[in-house]
Structures are given as C-alpha cells and as structure tokens.
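Undergrad:
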Amino acid sequence: MDNTNDRTRSERLGYPDASVAGFSLVLAGFVGFMGIITAEVLYPDYSTRQEISDLGSTVPPNPIMHEPSATIFNSTMLATGALVLVAAYFVARTADRRGFPVALAVFGAGAFGVGVFPGNVTPWHGLFALLTFFSGGVTAVLSARVADRPFSFLCGLFGAISLTVLVSVFVYGLFLGGPSPLAPLGAGGIERWVAYPIVLWVLAFGGYLLGGSWE
Numbered sequence: 091m092d093n094t095n096d097r098t099r100s101e102r103l104g105y106p107d108a109s110v111a112g113f114s115l116v117l118a119g120f121v122g123f124m125g126i127i128t129a130e131v132l133y134p135d136y137s138t139r140q141e142i143s144d145l146g147s148t149v150p151p152n153p154i155m156h157e158p159s160a161t162i163f164n165s166t167m168l169a170t171g172a173l174v175l176v177a178a179y180f181v182a183r184t185a186d187r188r189g190f191p192v193a194l195a196v197f198g199a200g201a202f203g204v205g206v207f208p209g210n211v212t213p214w215h216g217l218f219a220l221l222t223f224f225s226g227g228v229t230a231v232l233s234a235r236v237a238d239r240p241f242s243f244l245c246g247l248f249g250a251i252s253l254t255v256l257v258s259v260f261v262y263g264l265f266l267g268g269p270s271p272l273a274p275l276g277a278g279g280i281e282r283w284v285a286y287p288i289v290l291w292v293l294a295f296g297g298y299l300l301g302g303s304w305e
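Residue numbers (the numbering used here): 91 to 305.
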C-alpha cells in the first residue's frame, strides 16, 4: 500500500481509512446475506423462486407481509445500505479512484432505499431495487480498474455476471418478446443471479481492503 495512504487514517478509530472501508463492506456483505437467509427461513412456505423483495412485502394490489420476516428484511437492507455508504466515505478519503467511490455510494443509497420502501410502496421500491442491482454491478466492474490482478478479474467477472443477467431480463421482456433462457429459474432465481454476485463481490472486496492491498 502506498505510504501516503498509510498515513490516511480515521482520527477517532486509529486505523487506515481503507481498512475501515473494508471492515464496513465485509460487515455489509455478512448482514445482507445472513439477513436474507434468516428472513427466508421465518417466511411461511417461502420459495427461492419468489422475488427476494417479497420478504419485505409483496407488490400491490394485495400486498402480503409476514412478520418477523418483513422487519428482518427491511432492517437488513437499511443496515447494509448504511454500511456501504460508510465504506464509500472512507474510500473517497484515500485518493481519487476514478468515480469508484461515487458508484459505491449510489449502490449503498439504493440498498438503503429498498429498506425504506418495501415492495408494497410503488413505484419507489422497484426504482430503488433496479438502482441497487444496476449500480452494484457497475461498481463491481469499476473496482476491477483499481484492484490488483488477479483479483481484478474476479471483480470484473462478478459485475459482468450481474449486469448480463439484469440486461437479459429487459432484452427478452421488452425487445425479443420471448421467454428468457433463465425462465426455468423463476423470478426469484433470476433475481438471485443478479443480487448474489454483488453480495459476493462486497465480501471479497472488503477483504481485499482489509488485507492492505489498496494502492
């Protein structure tokens, strides 16, 4: 790590800003992943073919909310988004990273918005969910430009997978008018191919920062 960045520390915590950012990202990934799993387990007869956001609330006209799953999921999104925003702040303090901290902050704001606006709050929930997925994939791709090889390849791969699946949904649904090759996975399965590569990237990139590899 660059000596200048070694001296860039949080005054109160006494750790390098990159380490604080990494800690926040690892915690965000853990909270997001385990929060979703916990909400799924406590949701009656939940299937992973259902959309992830159903854990907070299904969409109108007859929204369904099951407790404690709804509270757990919505709180998970709030906490995850807040932790990513904290990470974005500390990443931005280290150096100019070609827009990467901005993309990370947008991703965090999107996740936080998903928690503020559950599935029954239209159209805001859908807009923030789309923002989260798109910005998350873009952030992972951008991180490949600032990470060392070979880890940068994994960052690009995770981001590309998420964005490719997301774009394919719109291409087949709006332009080709036919079923997606991923249709057998159901809406929830497809959504998880968009969301989970981003969650894995959050955990991996957080560990990368904690490992002192930020240059």
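For every residue, glycine included, the Cβ atom is placed at its ideal position computed from N, Cα and C.
What whole-angstrom Cβ distance do G146 and F163 have, given they're in contact under 8 angstroms?
TA: Counting from one through the sequence shown, the residue named residue 146 turns up at place 56. Counting from one through the sequence shown, the residue named residue 163 turns up at place 73. Contact holds; Cβ gap of about 4 angstroms.
Undergrad: Would you call the CB atoms of A199 and G227 closer than 8 angstroms?
TA: Here residue 199 refers to the residue found at position 109 when the sequence shown is read from its first residue. Here residue 227 refers to the residue found at position 137 when the sequence shown is read from its first residue. When the beta-carbon positions are compared, A199 and G227 stay at least 8 angstroms from each other.
Undergrad: Taking contact to mean at least 3 C-beta pairs separated by less than 8 angstroms, is the stretch 250-257 in contact with the stretch 115-131?
TA: no
Undergrad: Can you give me the start and stop residues for the alpha helix (DSSP H) that I251 sits inside?
TA: Residue 251 sits at position 161 when you count from the first residue of the sequence shown. From DSSP, the alpha helix (DSSP H) with I251 extends over F241 to F260.
Undergrad: What is the DSSP secondary structure of Y179, reduced to helix, strand or coil?
TA: The residue you call residue 179 lines up with position 89 of the sequence shown. The answer is helix: DSSP assigns Y179 an H, G or I state.
Undergrad: What's the call for A230, buried or exposed, on a 16-neighbour Cβ count within 10 Å?
TA: For the purposes of this step, residue 230 is identified with residue 140 of the sequence shown, where counting begins at 1. Answer is buried; the Cβ neighbour count reaches 16.
Undergrad: Do L194 and V181 have their CB atoms nearer than 8 angstroms?
TA: As a first step, residue 194 must be located in the sequence shown, where it is residue number 104. As a first step, residue 181 must be located in the sequence shown, where it is residue number 91. Contact flag set, yes.
Undergrad: For R239 and P269, I'd like the C-alpha separation in whole angstroms.
TA: Taking the first residue of the sequence shown as position 1, residue 239 is located at position 149. Taking the first residue of the sequence shown as position 1, residue 269 is located at position 179. Approximately 37 angstroms, taken between the alpha carbons.
Undergrad: The alpha helix (DSSP H) with I288 in it runs from where to where?
TA: Along the sequence shown, read from residue 1 onward, the residue named residue 288 stands at position 198. From DSSP, the alpha helix (DSSP H) with I288 extends over G276 to L300.
Undergrad: Return the chain-ordered list of same chain residues with a C-beta closer than 6 angstroms to the C-beta of F223, the five sequence neighbours on each side being excluded.
TA: For the purposes of this step, residue 223 is identified with residue 133 of the sequence shown, where counting begins at 1. Hits under 6 angstroms: L256 and V284.
Undergrad: Go ahead and pull the three-state DSSP assignment for G112.
TA: Counting from one through the sequence shown, the residue named residue 112 turns up at place 22. DSSP places G112 in helix when its eight states are reduced to three.
Undergrad: In three-state terms, what does DSSP make of G171?
TA: Working through the sequence shown from its first residue, we reach residue 171 at position 81. Three-state DSSP puts G171 in a helix.
Undergrad: Would T138 pass as an interface residue toward chain D - the criterion being a Cβ-Cβ separation below 8 angstroms?
TA: Judged by its chain identifiers, the structure shown contains no chain D, having just a single protein chain.
Undergrad: Is S147 helix, strand or coil by DSSP?
TA: Along the sequence shown, read from residue 1 onward, the residue named residue 147 stands at position 57. DSSP places S147 in the coil class of the three-state scheme, outside both helix and strand.
Undergrad: Which residue wins for smallest C-alpha separation from A294, given the options W214, T212 and C245?
TA: Residue numbering aside, residue 294 sits at position 204 when the sequence shown is read from its first letter. It is C245 whose Cα lies nearest to the Cα of A294.
Undergrad: Taking only three categories from DSSP, how would you classify G209?
TA: Start at 1 with the first residue of the sequence shown, and residue 209 comes out as number 119. G209 falls in the coil class under three-state DSSP.
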